[in-house]
Every structure is written in structure tokens, then in C-alpha cells.
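Right, one structure below, let's go through it.
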Amino acid sequence: MLTRVEKAQQKWGGSHTVIDKWLNERQELIVLYCKMAGFSPYDKKDHALPEPEQIQSFCQILMDYLSAGHFEVYDDIAKACESKGLESQQLANTIYPRISSTTDIALDFNDKYAEVDKEDLLAEFDNDLSVLGETLEARFELEDELIDNLFSNHTD
Numbered sequence: 001m002l003t004r005v006e007k008a009q010q011k012w013g014g015s016h017t018v019i020d021k022w023l024n025e026r027q028e029l030i031v032l033y034c035k036m037a038g039f040s041p042y043d044k045k046d047h048a049l050p051e052p053e054q055i056q057s058f059c060q061i062l063m064d065y066l067s068a069g070h071f072e073v074y075d076d077i078a079k080a081c082e083s084k085g086l087e088s089q090q091l092a093n094t095i096y097p098r099i100s101s102t103t104d105i106a107l108d109f110n111d112k113y114a115e116v117d118k119e120d121l122l123a124e125f126d127n128d129l130s131v132l133g134e135t136l137e138a139r140f141e142l143e144d145e146l147i148d149n150l151f152s153n154h155t156d
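Numbering (our numbering), first residue to last: 1 to 156.
This is the structure we're talking about:
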């Protein structure tokens, strides 16, 4: 996931301020995800669950990322796709519903874990985090396809 965002930043970085900010948020989200999951170099020594503050911070970044996508980036891309022609608009119309389906999973995760405290058992946390990771990976791929189509094939 982190390699994907680095490639995206190299490819589209500097082309649009909103997209730059969004990709930076994506990177921050991925780093926090890796820390919570205990991926290298953030291996969890005792295999304990993350601290509630870490989960809450992750959920906040997740919501910021989703909101930026839906209320800033996608609107800009949709407008650009409309002006670039039917092919661009059709791609956007195909991809947006698939991206939206990933939003539901992320929102469910947030609803379940944004308000956790130390006393919560979180028996399903590892599985839910894994499902969220797969969902985010699919979402990032769709978002990158949309951005790539716009910048590679349809820029003036």
C-alpha cells in the first residue's frame, strides 16, 4: 500500500493541490494502519491490541481521508471528466459506485472503533482491521485508476 501511494505521489504530485493533500493524507493513513497492524518496521512485540488513542487517531484520519475524497477530490475529478468528454465521464460513472461501496466498510469500522477505551475487549479487531486493509487497497487502486485516466489520457 505504501509503495502505491509513493508511486502516485511521484506520478501526480504537484499537478493539483487538492490531490497532493489527499495523497499525503493517504500516506498518513497507511502508516497508521501499518503501525496498528504491526507490519514491519512497526512490529508489535507483544502482539497486543493498539492503544485506544492510536485507534481513535487512525479513525479520525480515515474519516478525513474519506471526506476529502468525497467532498473535494471526486468533485474536482467529476467536473474535469465532464469537460474531457464522454469516455472520461463514463469511466468516472463506473468507478464512483465501486469506490462508494468501500466507504461503507470504512464507515462501519469507524462506527465500531472510534470510541473504544481500554476496557473494551475488541475480540474482532484484528479481523476487522484486515478486512479494512483489503478494502482500502481496492479503494486506492480505483482512485488511482480514476486519477491516472484523467491526467494521462485527458489532460490538455
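Using N, Cα and C, we set each Cβ at its ideal position, and we do this for glycine too.
Spatial neighbours of residue i in its chain, beta-carbon cut-off 7 Å, leaving aside the 5 residues before and after
i           : result
residue 50  : 36
residue 129 : 36 and 37
residue 18  : 72, 73 and 76
Sequence-distant residues of its chain with Cβ nearer than 6 Å to residue i (five each side left out)
i           : result
residue 69  : none
residue 155 : Note that residue 155 has pLDDT 46, beneath the 50 cutoff, so the model's placement of it is unreliable and no number is given.
residue 157 : Here the chain covers residues 1 to 156 and nothing more, so residue 157 does not appear.
Pick from the options that is closest to residue i, judged by C-alpha positions
i           : options               : result
residue 132 : 120, 27 and 104       : 104
residue 148 : 39, 77 and 72         : 77
residue 39  : 113, 126, 145 and 121 : 126
residue 102 : 94, 23 and 66         : 66
residue 54  : 114, 145 and 92       : 114
residue 118 : 22, 56 and 24         : 56
residue 95  : 33, 32, 150 and 116   : 150
residue 48  : 135, 136 and 122      : 122
residue 166 : 89, 116, 124 and 100  : Beyond the ends of the chain as shown, which are 1 and 156, falls residue 166; an answer cannot be given.
Does the stretch 58-69 touch the stretch 102-113, meaning 3 or more C-beta pairs lie closer than 8 Å? Touching, per the Cβ criterion.
Kindly confirm or deny that the stretch 78-97 and the stretch 132-140 touch, where touching means at least three C-beta pairs closer than 8 Å. No: the two stretches stay apart, fewer than three of their Cβ pairs being nearer than 8 Å.
Can you give, in chain order, each stretch of the beta strand (DSSP E) that sits fully within the stretch 83-135 and has at least 3 residues? List check, beta strand (DSSP E) in window: nothing returned.
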